[in-house]
Every structure is written in structure tokens, then in C-alpha cells.
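Have a look at the structure below, then the notes.
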Amino acid sequence: MISLAGRDIVHSWSKFVLTGLGLGLLIGVTLTMAGVYRGMVDDAKALLNNSGADLWVVQQDTQGPYAESSSIHDDVYRSIRALPGVARAANVTYLTMQVRRGKVDARAMVVGFEPGQPGEPGYLIAGRHITRNHYEAVVDVKTGFQLGDLLRIRRHDYRVVGVTRRMVSSGGDPMVFIPLKDAQEAQFLKDNDAILNERARTVANPALNRPGVPGLLDAIQSSQSTNRNVNAVLVQLTPFADPESVASEIRRWKHLQAFTRPQMEDILVTKLIATSARQIAMFLVILAVVSAAIVAFIIYTMTLGKIREIAVLKLIGTRNRTIAGMILQEALGLGFIGFLVGKTAATLWAPLFPKFVLLEPGDAMRGFVAVMAICALASTLAIHAALRVDPATAIGG
Amino acid sequence: MFCSSALAGWSHAPGRWRPQVTTTRLATDELSPALFGIGTVEARRNYLIGPTAAGRVKEVHVDVGESVKAGQLLAEIDPVDLDERLRSIDAAFARATAAVAATQAQRSDMVAKEKLASLAATRYQELSAKQFVSPSTVDSKLQELASAQAGVAGSEANLAGAKQELVRLQADKEGLRQQKSNLHLRAPQDGVVISRDAEAGSTVVAGQAVVRMVEPDSLWVKTRLDQGRSRGLAVGQRAQITLRSNATVRLPGQVARIEPISDSVTEERIALVTFDQSPAGLSIGEMAEVSIQTSAGGPALVLPNAAIKQSAQGTGVWKLDDGQPRWLAVKIGNTSLDGAVQILSGLTAGDEVVVHSERELTEGRRIKVVTQLTGPRQ
């Protein structure tokens, strides 16, 4: 038995392939949108993975350091380090800002970390770790900076000595790692004009600038220009310590907030990126529905375009089953080509996106099943139309 | 062709593919251990020149930037009534001198009287022995003599008192002179004036600086080094100083002193690094970067620090065994500023370890070794 569908496709293969290509691009967009959503969630999780922490210790009554701002003293880590179950604890600061290189600047999350401690980038793809405790930087490859580049953060230049990847903030901004003390300065120190202004204000205040107390003004001014705060303390636990019990110890006795990994993940995924993720999810649903409708219409109109031929087939006595089979096969074939093209297109253009796009094989499988189901469903409409064709139309009646 | 590349692309979902890594072999290389810190240019000796008692500034004779010699007058404090008090003491001194002369004259008078009384008493005693006069007359003459002697003693005491008064006034006068000269603020050393903190007419309290000066050849860099990276720091080590105003030039110097007290708040050690030769135009308070050579370089088993992983389990590396990574704890020694780390134990020369990787590795994971992960192909 000859394959009617095969013959039909061969007969007008260019039309078939072009239709499949168009359909494929549409499917590609849908898959990409799913990838954007997954990438968003993955960015949030990558942030947690990369910090290498088991516990996040932040200011009391805040959900920092990612979802809210948090500020704690930088000697807090010492008392935490002494708690049972804590293997390592280190200060860390986070600040999202524009990092300049020459005339261009890149949006980046500047992370202040202590070399060799949690918070340090776990792996590099080029260069080395920081060896000087000032003015060196490790950057994420997405910032576009290269080894040896000089970056400007506030008033200091930083030399790029290492490159890493997949180190992003929850918003997908690539990270720039600099030594903690520099980061504290970048975060809390004011610009020169503001410092001069502040000094002048202090001098003008008679309560602080008292003629009988010569050292008072200097003391006040020097205390104004220092700030010894950090955003969080990252804690790594010893292998058999229970995170929740250590966290509750910190919450109860250190009067700080401590989050375990599941809690932090919850904050990031269900709170921090919730709105934008839902936005994308909504868009994804609409796109999927629209794609399904377009697929159905394409198959339906494609069948209607062949109405004359179907009438001829009927005229020569072809069985309904054969005709239905042909339409179904063509629909599934179209779906298959479309999926293939879509997946390929999505895979090819996903790395070009500025933010991370994660194409999960599970999503692809679900997409494939959905495409095939939609095609099958759409073909029933077409089959219905085809079977109702009067053979007489074949001869112009 | 397109299809095959597309199909290959499908497997590019992260988490599925073999992470690419670069590796290196542990080898002997030159390692020059060094430390890095930043500091500010400071003067070894600062002089705050001010009065020892509260007063009003009368005049400031020097300006910022001026070189001064030891003993040079820098500023004067208003003496207020010191001159008048000196004059009053002068007058009192003159009066006391006159008083001394008067008591001297008094004493001469008393001595003369005593001599006369003594002669009279002797004579009457002789006459009494010959029974010419009554004993009561002799007694009266003896009493006159004792009285005259007491008069002499009294006048001598008066004279001594008057002389003491003279000495006292002299000392008072000296004291006032000292006070007056103390109001002249003089340079204790040769140096340069770095600030002029009070102007004529302003009142300063005791100890408050009117003028500050430094010895310009005593400038050094107060360098702050992270405590965690200060191992091997010692006095006499060679250093290279880069001033912020001239970032391309590295000035040679050496560690002159290590402060016994480190900063417990910033967790930094403080080393003072002197210049071999102070550059011209050095400004106090300027920021400088300092690299300190902690020991002479030498051959050692070294790895790049990108290969060293720190975790809760300790320090280790990913060693390649039959093309698969294995976690291996290592002990590390000196580090250099260009990222070389000395391996003390845990590895042997020739072992292949992972340096760069695309993602975190796990034990036994299949990996793909490449020469380079990013950037233009070399």
C-alpha cells in the first residue's frame, strides 16, 4: 500500500517544509519562554549554590541579604564562628551597581568576600583567585570583562585577575567579586563631595565644634567616615550539624536572623522573583494557547487547501480511513518537523540571551507531547471537514 | 550537517553535559612569597607645638610648608600682665635691696652699742673687784651688755631676712622670665611646618597645637596588612612601594618596624615601611600600595591558586585519576602575589590537577579536558 501522506508531502514538499519551519519558530519561541522562566528560577538557585553557605545570618527581622537590605556589624562573624556546629563563617556584602571599564559600564552585583572563605567564587574558568586584599577583582564572564581589564568601582581601579561563570544575582546580573574591605568602602563610603559637605556641617554645629575641647571635632569626623558594616554572614556547617538547630541558636541568642537553605530558597523563589516569574508564566500560558490555536488553524487550512484533491480521492473510491490517516499523518509530521525546528532554534538562540535561559529536557519532552497532542486534535477538525466533502466538488459540481 | 550540529546542541542543557576543565601538572617552579598591603604616608615624628597653659595667640611667625631650624621662634602667646608683674617685682627688688642696706646700718649701730656696753661692763667689773662701785651697778652694766648682744643678734637676723627677701624676689623674677619665654613657641627640631592651627587673637587651651611640624626625612608608609595574609612578615624585609600619585613607579623600601599591637577591629597588622630614598614631593596622607617580599624566592612545588579549593572539609584539589576528578586534601605553604601556591604535602610532582572548570565538580564526574575555557584561542 502506498503512503498517501508521503506522496502528498513529496508532491508539495516545499510548502510543507516552509509551513513546518514557520510552525517550528513559533514552537521555538514558546520553548524559549519556558527556558526564560526556568532560567530565572535557576539564577536564584545558582546564587544560593555559589555562595557555598548552609546558613545566612542577617539583620534581625529582615529577609536579607537578597530580598531585603540587611546591615550587621562586621565582627558578628566571630561570635557565630564560635558556635557549635559551625565550620566556617565569613562576612559578605552585596551591592548592585554599574561597573565601569573605560567608557562602557556593565550592570553587575558587586560582592565583597573574604578570600578563601564562603562567598568566594567556587571555580574559575580563567585566571586566578585574588591574592591581594585590595584592588583585585574576579568577574563573571557575562560582564564582558577580560583578564587584565581595569574596572572602576567608586574611586578605585580594580584589576580583573580571574573569570568565573554562572555567578549571578537573583535578578540575573553577573557578579563582580572584590575584597570585602574594598566592597565595604564602595557600599558605605560617601563620595568626596558628600564627605566634604558632611565635614562642613559638623564644623558648623556648635555642639560638636567646641573651642574648649580641641580633639572633639577630629574624633567626630573620623568616626563619621568609617562604617564597619556588612550585609550578611555566610555560615558553613560541620558535616553532621543540623542547620535548623544552629539557626535557632543564632536567632535566639545572637539576636540575628538566620535562614537555612530551604528557607532561603523559599524567599528567593516564592518571594523575590515571584511577580516577575508569574508575569513570564502568564505570558508562557498565553503563548502556548496561541501557538496551539495557530497550529490547529494551519493544519485545518492546509487540509481545506487540499479539498479538491480529497474530493478526487473520494471520487475514485478511497476509504475514509485512508483519507483520515493521511491527514493525521501529515499533521503529526508537521508537528514533528515543527518541534524539531523549534527545539533547534531555541537551543541555538538561547545562549544569545543576555540573561540565562535554561532549556530543560523535561520541558522539551512535555512540549513534544503537547505539540503532538495539539496536532492530533487539530487534525480531527480537519478530518471532520475532509470527510464531509462532496466528491462532486472534484469535477466542479 | 545542520541537523547533526543541532542535535549536538540539544545535549547542551546544563547539568547534562560533561563540564570542560583545564588541568596542570604539579611541577617545581620559582616561588617568591610576598605580601600585599595598603597604607598611608606618615611622618615618623610629628610635633604639635602649643602652649603649656591657656592663652591667647599673639603672633604666628611661620606658615605652612616653611622649613624651620631647631630653636626658631614659631609663635608667641600674649603675655597679658607678665611685663607689669616683672616691673612690680623689679620695684620690690629695689626696695628689698634698700631694706638690706638699712638693716646692715642697724646692725652696725647695734655692734657699736654692744662694743661700748662690753667695755663698760669690763671696766665696772674691775672697779667692783676693787670695791669702788656697788655690785648692783655692775649688774646693771652686765644687763646692758646682754641687751646690746641681743640687739646685735636681732639685727643680724633682720639682715638675713632682708637678704632672703632679695633672693625670693630674684627667684620670682626668674620664674616670671621663664614664664615669659615659655610663651615663645620654638621649634624643637629642624623640620617643616605642616599646619597652622591657630591665628593671632585666637585663644588656645593648654596642649592645643598652634603649629604642627614634621621632620621631612622621617616619612614612612604605615602599611596595613590583612592578619590572615601576614605570615612571615619581619623587620628588614624588602618592599616595593607604589604611590597613588605615581602608580607606574615602584619605589624600593624596607620594613622598618612591625607594630606589636594589631588592629583588632579591622583585623590588620601594621608594618611601617621606609623608603630607601624619599621621592620628591611626597605628601603626608597619600595612599600607597606596598608589596613586601617575605623571603627569598626559591624553587618549590607550586600550583596556581585557581586549583586550590577551600571547603568545610578543609583545603584540597581535584586530582585527575584515570581522567576522573578525585578530591584530595593538600597542605599548602607560601603563596606569591601572582597566584602561585606552594604544595607542602598531599601531592607528588607530576600529578595532574584541575585548574579551571565550568562548574563545581563532584567526585568521579566525567569531565572533558581542554586547553582553555574562555577568551580567544591561543
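Sequences listed follow chains F and U, in order.
Okay, so the first sequence: first residue is 26 according to my numbering, each after it adds one.
Okay, so the second sequence: first residue is 2 according to my numbering, each after it adds one.
All C-beta atoms, glycine included, are put in the ideal place defined by N, C-alpha and C.
Per-residue burial, residue i [other beta carbons within 10 Å of its own, 16 or more giving buried]
| i | result |
| --- | --- |
| W38/F | exposed |
| M192/F | buried |
| L43/F | exposed |
| V135/F | buried |
| T24/U | buried |
| S182/U | exposed |
| V274/U | buried |
| T29/U | exposed |
| A92/U | exposed |
| V188/F | buried |
| K331/F | buried |
| S95/F | buried |
| W221/U | buried |
| N345/F | exposed |
| G237/F | exposed |
| D79/F | buried |
| V331/U | buried |
| E364/U | exposed |
| M307/F | exposed |
| E85/U | exposed |
| L8/U | With a pLDDT of only 42 at L8/U, under 50, the local geometry of the prediction cannot be trusted, and the value read off the model is given with reservation. Exposed. |
Chain-ordered neighbours of residue i on chain F, where CB pairs are closer than 7 Å
| i | result |
| --- | --- |
| D227/U | N158 |
| P305/U | R153 |
| G340/U | R153, H154, T156 |
| I368/U | Within 7 Å Cβ-Cβ: nothing; I368/U doesn't reach chain F, min ~12 Å. |
N-terminal and C-terminal residue of the beta strand (DSSP E) that residue i is part of
| i | result |
| --- | --- |
| N247/U | 247–259 |
| G38/U | 35–44 |
| H357/U | 353–358 |
| R57/U | 56–61 |
| G429/F | As shown, chain F starts at 26 and ends at 422. That puts residue 429/F outside it, with no answer to give. |
| E161/F | 161–165 |
| Y148/F | Unbroken run through Y148/F: none, as it is neither H nor E. |
| T119/F | Thr is not the amino acid found at residue 119/F; the sequence shown has Tyr there. Here the beta strand (DSSP E) through Y119/F covers 111–126. |
Interface residues of chain U facing residue i [CB-CB closer than 7 Å]
| i | result |
| --- | --- |
| T263/F | A313 |
| V166/F | T375 |
| A69/F | In chain order: nothing, as chain U lies at least about 15 Å away. |
Alpha helix (DSSP H) segment containing residue i, residue limits
| i | result |
| --- | --- |
| H77/F | It is Gly, not His, that sits at residue 77/F in the sequence shown. Unbroken run through G77/F: none, as it is neither H nor E. |
| M134/F | Run containing M134/F: none in the alpha helix (DSSP H); it sits in the beta strand (DSSP E), 129–138. |
| I50/U | Here I50/U belongs to no alpha helix (DSSP H); instead the beta strand (DSSP E) covers 47–50. |
| G367/F | 345–374 |
| D173/U | 136–183 |
| V101/F | 101–106 |
Amino acids of chain F, ordered along the chain, whose beta-carbon sits closer than 8 Å to that of residue i
| i | result |
| --- | --- |
| I78/U | Within chain F, no residue comes near I78/U; the closest Cβ sits about 15 Å away, beyond 8 Å. |
| V266/U | D100, R253 |
Under 9 Å by beta carbon: chain F residues contacting residue i
| i | result |
| --- | --- |
| R360/U | G147, Y148, R190, R191 |
| T336/U | T156 |
| V206/U | P236, G237, V238, P239 |
Partner residues on chain U for residue i, Cβ-Cβ distance less than 8 Å
| i | result |
| --- | --- |
| P199/F | Under the 8 Å cutoff, chain U gives no residues; its nearest Cβ is about 13 Å from P199/F. |
| G141/F | G229, Q311 |
Amino acids of chain U, ordered along the chain, whose beta-carbon sits closer than 9 Å to that of residue i
| i | result |
| --- | --- |
| R113/F | Q311, S312, A313 |
Minimum Cβ-Cβ distance from residue i to chain B less than 8 Å
| i | result |
| --- | --- |
| G286/U | Of the chains in the structure shown, none is chain B; the protein chains are F and U. |
* **3-residue-minimum beta strand (DSSP E) runs that sit fully inside the region 272–343 of chain U, ordered along the chain** => 288–294, 299–305, 310–312, 315–322, 325–330, 332–336
* Just list the beta strand (DSSP E) runs in the region 278–333 of chain F, keeping only unbroken ones of 3 residues or longer that don't cross its boundaries, in chain order. => 282–285, all fully within the region 278–333 of chain F.
* Asked: Looking at C-beta atoms only, is the number of pairs between the region 325–341 of chain U and the region 397–416 of chain F that lie closer than 8 Å three or more?
  -> no
* Are the region 339–359 of chain U and the region 299–312 of chain U touching, with three or more C-beta to C-beta distances below 8 Å? -> yes
* Asked: How about the region 118–134 of chain F and the region 182–201 of chain U: do they share at least three Cβ pairs that are nearer than 8 Å?
  -> no
* Determine, using beta-carbon pairs with one atom in the region 232–252 of chain U and one in the region 266–286 of chain U, whether at least three such pairs fall under 8 Å. => yes
* Asked: Do three or more CB pairs link the region 168–176 of chain U to the region 139–156 of chain U at distances below 8 Å?
  -> no
* Kindly confirm or deny that the region 209–228 of chain F and the region 178–198 of chain F touch, where touching means at least three C-beta pairs closer than 8 Å. => yes
* **Touching by the beta-carbon criterion (3+ pairs, under 8 Å), the region 196–205 of chain U and the region 107–116 of chain U** => no
* Asked: With contact counted as at least three CB pairs below 8 Å, one residue from each stretch, are the region 57–67 of chain F and the region 253–264 of chain F in contact?
  -> no
* Asked: Touching or not, the region 293–303 of chain F and the region 355–375 of chain F, by the rule of three or more beta carbon pairs under 8 Å?
  -> no
* Asked: If you pair each beta-carbon of the region 308–325 of chain F with each one of the region 95–113 of chain F, do three or more pairs fall below 8 Å?
  -> With a cut-off of 8 Å on Cβ pairs, the region 308–325 of chain F is not in contact with the region 95–113 of chain F, counting fewer than three such pairs.
* Asked: Unbroken beta strand (DSSP E) runs of length 3 or more, entirely within the region 190–259 of chain F: which are they?
  -> Positions of the beta strand (DSSP E) runs, each at least 3 residues long and wholly inside the region 190–259 of chain F, are given as 200–204 in order along the chain.
* Assess, as a yes-or-no matter, whether the region 334–351 of chain F is touched by the region 413–421 of chain F under the definition of 3 or more beta carbon pairs within less than 8 Å. => By the Cβ rule, the region 413–421 of chain F counts as touching the region 334–351 of chain F, because three or more pairs are nearer than 8 Å.
* Asked: Do the region 82–98 of chain U and the region 159–170 of chain U touch if we need at least three Cβ pairs shorter than 8 Å?
  -> yes
* For the region 238–246 of chain U and the region 69–86 of chain U, state whether three or more C-beta atom pairs, one from each stretch, are separated by less than 8 Å. => The answer is no - the region 69–86 of chain U does not touch the region 238–246 of chain U, with fewer than three Cβ pairs under 8 Å.
* Between the region 106–114 of chain F and the region 262–270 of chain F, do three or more beta carbon pairs fall short of 8 Å? -> yes
* At least 3 beta-carbon pairs within less than 8 Å: the region 228–237 of chain U vs the region 256–276 of chain U -> yes
* Asked: Does the count of Cβ pairs from the region 360–370 of chain F and the region 278–291 of chain F closer than 8 Å reach three?
  -> No, because fewer than three Cβ pairs between the region 360–370 of chain F and the region 278–291 of chain F fall closer than 8 Å, the two stretches do not touch.
* To do: Kindly provide the ranges of any beta strand (DSSP E) runs that are 3 or more residues long and lie completely inside the region 192–256 of chain U, ordered along the chain.
  => 192–197, 212–215, 220–227, 239–244
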